[in-house]
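Peer 1: Have a look at this one.
There are 2 protein chains.
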Amino acid sequence: MQPPPRKRRISILTSTGSIGQSALAVVRHYPEWFEVVALGANTQWDVLAEQIREFKPKYAAVVDPYAAEKLAEENLGVEILKGDEGLNEAAKVPVDTVLCAVVGAAGLHPLLSAIGAGNRVAVANKEPFVMAGKLVMEEAAKHGVAVLPVDSEHNAIFQCLHGYEKSDVQCIHLTASGGPFYGKPRETLAAVTPEQAVRHPTWNMGEKISVDSATLMNKGLEIVEAMWLFGLPESQINVVIHPQSIVHSMVEYRDGNILAQMGVTDMRFPILFALTWPERVDTPMERLDLTRMNVLTFAEPDFAEFPCLALARRAAAEGGTATAILNAANETAVAAFRKHHIPFLSISDVVGATLDACRASQDYSLASVMDADARARETARGVIEQIGSLA
Amino acid sequence: MQPPPRKRRISILTSTGSIGQSALAVVRHYPEWFEVVALGANTQWDVLAEQIREFKPKYAAVVDPYAAEKLAEENLGVEILKGDEGLNEAAKVPVDTVLCAVVGAAGLHPLLSAIGAGNRVAVANKEPFVMAGKLVMEEAAKHGVAVLPVDSEHNAIFQCLHGYEKSDVQCIHLTASGGPFYGKPRETLAAVTPEQAVRHPTWNMGEKISVDSATLMNKGLEIVEAMWLFGLPESQINVVIHPQSIVHSMVEYRDGNILAQMGVTDMRFPILFALTWPERVDTPMERLDLTRMNVLTFAEPDFAEFPCLALARRAAAEGGTATAILNAANETAVAAFRKHHIPFLSISDVVGATLDACRASQDYSLASVMDADARARETARGVIEQIGSLA
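Sequence order for the protein chains is A and B. Counting from 1, position 276 in the first sequence corresponds to residue 426 in the numbering used here; the numbering is continuous, with no gaps. Counting from 1, position 71 in the second sequence corresponds to residue 221 in the numbering used here; the numbering is continuous, with no gaps.
Put into structure tokens, the structure is as follows:
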């Protein structure tokens with residue numbers, strides 16, 4: 151395994167969350183492979199300062215003004231780019247790959263900035279695809295930029311599709327662990343706390359995505375993400391319950407052959423794949439031991455108790471800005487749940503009521519998406535207040 | 151799914167065995183895709199006659215002189231090619247693909263004939279690779295001929311490797327059902343009859359390969375086949391017990407990602423794949439239903455009770471004509487077992503004693519291989535006589 155003739159230049163935006171830290175853990179193993187050009191944070195300037203000391207990037211993007219000031223006081227010899235615009239500027243710095251790991255809708259603009267600058271993107275943030283997947287893929291095509299999925303399911307599908315024709319795909323099977331509450335009766339979920347909801351049974355992830363996993367909205371968002379990433383209609387995207395999370399997803403071809411990607415439940419694997427693609431490097435992580443894993447099971451999903459998946463399919467089938475509305479309502483509801491403003495089971499109520507109230511447009515432009523996003527957040531906040539006043 | 155602009159011309163040699171009949175069952179579904187040019191049989195002229203009436207090939211190869219005469223009497227308007235040489239002649243007729251499905255060592259010459267004539271080959275017959283894999287692959291390279299594996303394990307690996315670099319392969323995992331006797335104590339196998347040995351738990355196959363599955367020699371032969379097909383050393387070929395036979399085999403890459411091919415246990419799937427490659431067509435067969443299958447399990451193999459696998463690894467590691475000796479001894483021993491001349495457990499004794507007695511050469515030429523094959527058969531027959539006289 152030879153290092154590349156010149157180091158690959160990468161930016162990780164932002165780098166202080168779960169994915170960002172995992173990515174730097176990977177990069178640490180390959181000093182001859184990667185040069186870190188830009189890192190970033192929303193508020194966690196102290197974590198970012200440590201990362202800057204170790205990886206010596208040229209740029210540090212900091213969204214929060216107070217955090218930017220605190221970082222500046224550290225005198226780390228790094229150029230600090232401030233605010234939302236700073237994050238966009240950092241994404242535009244020419245590199246080999248920008249790892250886009252902002253949480254939520256806030257990731258859309260930095261992703262588009264990276265693509266617009268001609269940077270290849272490794273995307274760990276599914277919300278931009280749910281909001282504006284058509285736009286993202288069109289921009290990527292226009293700028294000749296590869297889009298590499300970091301989500302373990304989509305990374306699996308990418309690997310199973312490589313070298314084959316999309317027109318030969320019968321369907322893709324997204325595997326779903328079911329999250330911490332799958333199979334539990336709905337009435338027992340009424341009292342679920344944010345602390346319980348973020349404890350995922352098989353993956354160690356960020357908090358927002360962990361709540362999405364508990365409601366199964368995450369799988370719904372993944373359906374939309376897969377539609378745009380792989381250019382398939384919602385009807386060709388199947389979900390299968392696989393509690394062990396060893397098979398990360400599958401592609402079924404028209405001739406009945408199924409290709410599956412398997413591995414341990416460790417986000418560093420898809421991150422490593424995306425950062426080194428199209429090359430592969432020896433993993434420093436522990437491999438999957440086929441003979442020491444549990445039995446693998448697959449089951450037809452029963453989502454009656456988890457309405458978020460059906461809501462996501464409804465928005466996906468409607469198209470246009472419906473999925474942007476879905477995403478905005480979900481982000482607003484999850485934030486309210488995490489602040490104990492609404493109970494766990496109300497997350498889907500908020501999303502459903504918002505989808506009912508907001509008319510979707512078939513205009514996929516950024517202005518139209520941002521308008522839908524804003525309207526949906528306002529509507530969702532109204533629904534949340536109502537729920538609060540009834541409690 | 152458009153039919154091709156012109157029909158694909160295929161020959162199936164021989165066509166009266168398990169693979170040949172499955173292949174014609176596949177071809178029957180695609181009248182617009184395939185034109186059958188040549189079929190063949192050893193002795194089963196009546197089965198062949200039926201096939202000729204249905205598929206109207208131009209040539210029929212018949213190895214057995216009496217069978218050739220009987221077929222000629224049917225006046226089917228087909229050109230009959232007689233004897234071993236007839237089979238070679240049929241393999242040389244220019245077509246898109248020759249499906250090589252002769253049983254045992256007898257398949258080597260027709261395979262080389264097909265390749266030498268520039269015909270792409272789909273190979274269901276592993277013995278030629280075990281005898282002379284180096285020669286087969288060198289001839290294929292020389293004539294620019296693609297070699298498509300039909301064995302379900304190797305077909306799976308072919309699918310999991312496509313589009314990727316061989317140098318990135320950590321290892322391949324051949325899955326093994328274990329056959330009908332895996333896990334049973336050795337002393338209970340002493341009385342196994344040929345009728346019991348040919349009943350495979352998950353696959354419906356020919357008789358010779360079913361006995362090989364029962365002794366686990368089949369997995370040993372597959373290791374050698376994989377070495378040559380994929381250009382990997384024996385040390386990179388792992389065997390894992392997977393009793394359900396749903397995962398047909400896997401490729402593990404250096405970065406820890408594993409790609410697996412899954413499907414039902416039906417040889418028509420790999421046959422269809424090989425005949426239509428690089429295109430894929432809609433399967434007329436029942437697809438794998440992920441949610442209705444058993445749990446999948448994988449276990450470290452315990453081959454203490456099944457010495458054939460260790461004998462195959464020993465021959466594979468020695469290289470040269472050692473695997474030709476292994477194959478000849480095994481064919482001779484299996485034939486003797488099927489005629490009730492030796493007990494089941496003596497198959498491995500015959501192979502082991504023959505490997506001990508016959509010196510292998512590092513000369514991979516056809517003459518050297520055929521010499522090793524002949525010497526090994528003679529030696530094996532001697533061992534079998536000795537066992538018979540002791541019984």
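Note that the Cβ used here is the ideal one computed from N, Cα and C, for glycine as well. It should be emphasised that the depicted structure is a prediction, and the values quoted were computed from it without experimental measurement.
Given that methionine 435 (chain A) touches chain B, what residues does it touch there, using C-beta distances under 8 Å?
Peer 2: Gly406
Peer 1: Shorter than 8 Å from the beta carbon of glutamate 450 (chain A) to some beta carbon of chain B?
Peer 2: yes
Peer 1: Under 8 Å Cβ-Cβ, which residues of chain A neighbour methionine 443 (chain B)?
Peer 2: Correct list: Phe448.
Peer 1: Hey, could you find the ends of the beta strand (DSSP E) tyrosine 403 (chain A) is sitting in?
Peer 2: 397 to 403
Peer 1: With a cut-off of 8 Å on the beta carbons, I'd call serine 360 (chain B) and alanine 376 (chain B) a contact; round off their distance for me.
Peer 2: Actually they do not touch by this definition, with Cβ atoms about 20 Å apart.
Peer 1: Going by DSSP, what residue range makes up the beta strand (DSSP E) through proline 299 (chain A)?
Peer 2: 297 to 299
Peer 1: Starting from glutamate 288 (chain B), follow the beta strand (DSSP E) in both directions and report where the run begins and ends.
Peer 2: Not the beta strand (DSSP E): glutamate 288 (chain B) falls in the alpha helix (DSSP H), residues 277 to 292.
Peer 1: Does tyrosine 216 (chain A) pass the burial test, meaning 16 or more other C-beta atoms within 10 Å, or should it be called exposed?
Peer 2: exposed
Peer 1: Which of the residues in the segment 284 to 314 of chain A, read from start to end, lie with their CB under 8 Å from any CB of chain B?
Peer 2: So the list reads Gln309, Cys310, His312, Gly313, Tyr314, given in the order they occur along the chain.
Peer 1: Need the endpoints of the alpha helix (DSSP H) that cysteine 310 (chain A) sits in, please.
Peer 2: In the DSSP assignment, cysteine 310 (chain A) falls within the alpha helix (DSSP H) that extends over 302 to 311.
Peer 1: Could you tell me whether the Cβ of valine 374 (chain A) comes closer than 8 Å to any Cβ of chain C?
Peer 2: No chain C appears in the structure shown, which is made up of the protein chains A and B.
Peer 1: Since valine 389 (chain A) contacts proline 451 (chain A) with CB under 8 Å, what's their CB separation in whole angstroms?
Peer 2: Their Cβ separation, rounded to whole angstroms, is 5 Å, which keeps valine 389 (chain A) and proline 451 (chain A) in contact under 8 Å.
Peer 1: Unbroken beta strand (DSSP E) runs of length 3 or more, entirely within the segment 385 to 443 of chain B: which are they?
Peer 2: 387 to 391, 397 to 403, 408 to 412
Peer 1: What three-state label does DSSP hand glutamine 171 (chain A) in the structure shown?
Peer 2: helix
Peer 1: By alpha-carbon positions, which one of B:Ala485, B:Ile169, B:Asp405, B:Ile534 ends up nearest to leucine 249 (chain B)?
Peer 2: Nearest option by C-alpha distance: B:Ile169.
Peer 1: Look at the alpha carbon of alanine 282 (chain B) and the alpha carbon of histidine 304 (chain B), and state the distance between them as a whole number of angstroms.
Peer 2: 17 Å
Peer 1: When you compare the segment 171 to 180 of chain A with the segment 208 to 215 of chain A, are there three or more beta-carbon pairs, one atom per stretch, that lie closer than 8 Å?
Peer 2: The segment 171 to 180 of chain A is not in contact with the segment 208 to 215 of chain A.
Peer 1: Going by DSSP, which residues form a beta bridge with leucine 231 (chain B)?
Peer 2: B:Ala211
Peer 1: Assign aspartate 405 (chain A) to buried or exposed, taking buried as 16 or more other Cβ atoms, counted over all protein chains shown, within 10 Å of its Cβ.
Peer 2: buried
Peer 1: Alpha carbon to alpha carbon, how far is threonine 247 (chain A) from methionine 400 (chain B)?
Peer 2: 30 Å
Peer 1: With a 10 Å radius around its C-beta and 16 neighbouring C-beta atoms as the bar for buried, classify arginine 463 (chain A) as buried or exposed.
Peer 2: buried
Peer 1: Kindly list the residues whose CB is nearer than 7 Å to the CB of lysine 369 (chain B), restricted to its own chain and excluding five residues on each side of it in sequence; keep chain order.
Peer 2: When the five nearest sequence neighbours on each side are left out, the beta carbons in the same chain lying within less than 7 Å of the beta carbon of lysine 369 (chain B) are those of Leu324, Ala326, Val389, Leu459, in order along the chain.
Peer 1: Let me know the secondary structure DSSP gives cysteine 508 (chain A) once reduced to three states.
Peer 2: coil
Peer 1: Could you tell me whether the Cβ of methionine 417 (chain B) comes closer than 8 Å to any Cβ of chain A?
Peer 2: It does not: the Cβ of methionine 417 (chain B) has no partner Cβ on chain A nearer than 8 Å.
Peer 1: At a cut of 8 Å, does the segment 265 to 284 of chain A reach the segment 406 to 416 of chain A through at least three beta carbon pairs?
Peer 2: no
Peer 1: Among A:Asp499, A:Gly470, A:Leu540, whose alpha-carbon lies nearest the alpha-carbon of aspartate 521 (chain A)?
Peer 2: Minimum Cα distance to aspartate 521 (chain A) is reached at A:Gly470.
Peer 1: Can you tell me which of the three DSSP states threonine 247 (chain B) falls into?
Peer 2: Reduced to three states, the DSSP call for threonine 247 (chain B) is strand.
Peer 1: Would alanine 274 (chain A) and lysine 242 (chain A) be called neighbours here (beta carbons separated by less than 8 Å)?
Peer 2: no
Peer 1: Who are the neighbours of histidine 323 (chain B) on chain A, taking C-beta pairs under 7 Å?
Peer 2: Leu440
Peer 1: Secondary structure at threonine 365 (chain A), three-state DSSP: helix, strand or coil?
Peer 2: helix
Peer 1: Might you give, ordered along the chain, the residues of its own chain that have their beta carbon closer than 7 Å to the beta carbon of glutamate 468 (chain B), omitting 5 neighbours on each side?
Peer 2: Excluding its 5 nearest sequence neighbours in each direction, glutamate 468 (chain B) has C-beta neighbours in its own chain below 7 Å: Ala510, listed in chain order.
Peer 1: Identify the continuous alpha helix (DSSP H) that holds serine 518 (chain B) and give its terminal residues.
Peer 2: Counting along the chain, the unbroken alpha helix (DSSP H) around serine 518 (chain B) starts and ends at 516 to 540.
Peer 1: Name the residues in the segment 374 to 397 of chain A whose C-beta lies less than 7 Å from a C-beta of chain B; which are they?
Peer 2: Val390
Peer 1: How many Å lie between alanine 483 (chain A) and glutamate 535 (chain A) at the Cα?
Peer 2: 11 Å
Peer 1: Do the CB positions of glycine 329 (chain B) and alanine 306 (chain B) come within less than 8 Å of each other?
Peer 2: no
Peer 1: Pick from A:Pro493, A:Glu223, A:Gly257: whose alpha carbon is nearest that of aspartate 234 (chain A)?
Peer 2: Here the closest residue by C-alpha is A:Gly257.
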